[in-house]
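Going by my numbering, the sequence shown opens with residue 3, and the numbers climb by one from there.
Ideal Cβ positions, reconstructed from N, Cα and C, are used throughout, including at glycine.
Note that the coordinates shown come from a computational prediction; the quantities given were computed from them, not determined experimentally.
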Amino acid sequence: FLPVFGVKRGMSQETAALALTFFIVGNTVLQFPIGWIADHMNKRLVIAACAAMTALCTGLLPVTFGTPAFWGLLMVGGAASAGMYTVALGELGDRFSGHELTTGTACFSTTWGVGALIGALGTGLAFNTFGPDGMPYGLALVMATFFVVMLLSLQAGRHRA
3 FLPVFGVKRG MSQETAALAL TFFIVGNTVL QFPIGWIADH MNKRLVIAAC AAMTALCTGL
63 LPVTFGTPAF WGLLMVGGAA SAGMYTVALG ELGDRFSGHE LTTGTACFST TWGVGALIGA
123 LGTGLAFNTF GPDGMPYGLA LVMATFFVVM LLSLQAGRHR A
């Protein structure tokens, strides 16, 4: 939906495609530093930080549209959003092995796919209801909610220990 957002906000199709490229480059190149951080910190905390960064970057896209900051937010937001996935898989690998890991990975992939389907439907609804800015603001709201849930989970884990 990122190219659709760009075109609906006034970008040419070529520039909107370039926006997706920036997102994917950040998504790809910055996984190495995120992985290194996850190897040296609590992975759940890294996932929460990625959620917060994704919420922040996504929420700022409409207000930075047409500025150089927009392009940087795309790269960092792309990295943070993908970081949640890769670090969560690392957390899964730390907790399980053998057939439990295989089962956990299958459940993780299925849940991710269902979330992608629901997210696409929700994004389309946000577009139709609120216009193009509904997409980034809606995604920022979802990521901020996930961040809060992660913080509550981390807090609850501290009290159980």
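Determine the extent of the alpha helix (DSSP H) in which Leu20 is found, giving its start and end residues.
Start and end: 15-31.
List the whole-angstrom C-beta distance separating Ile49 from Met86, where the pair is believed to meet the contact cut-off of C-beta under 8 Å.
About 5 Å separates the Cβ atoms of Ile49 and Met86, confirming a contact at the 8 Å cut-off.
Quick check: Ala146 and Ala53, are their CB atoms within less than 9 Å of each other?
The answer is yes: Cβ separation under 9 Å.
What are the uninterrupted segments assigned as beta strand (DSSP E) that are 3 or more residues long and contained completely in the stretch 41-105, given in chain order?
The DSSP assignment places no complete beta strand (DSSP E) segment of no fewer than 3 residues inside the stretch 41-105.
What span of residues does the alpha helix (DSSP H) with Gly133 cover, start to end?
Unbroken run through Gly133: none, as it is neither H nor E.
Looking at the secondary structure, which residues open and close the alpha helix (DSSP H) in which Gly8 lies?
In the DSSP assignment, Gly8 falls within the alpha helix (DSSP H) that extends over 4-10.
Close Cβ partners of Phe149 (< 8 Å) along its chain, the five nearest in sequence each way excluded:
Closer than 8 Å at Cβ, skipping near neighbours: Ala50, Ala53, Ala54, Ala57.
Taking buried to mean at least 16 other C-beta atoms within 10 Å of its own C-beta, is Cys59 buried or exposed?
Taking all protein chains in view, the Cβ of Cys59 is crowded by 16 or more other Cβ atoms within 10 Å, so the residue is classified as buried.
When burial is assigned at 16 or more other CB atoms within 10 Å of the CB, is Leu123 buried or exposed?
By the 10 Å Cβ count, Leu123 comes out exposed.
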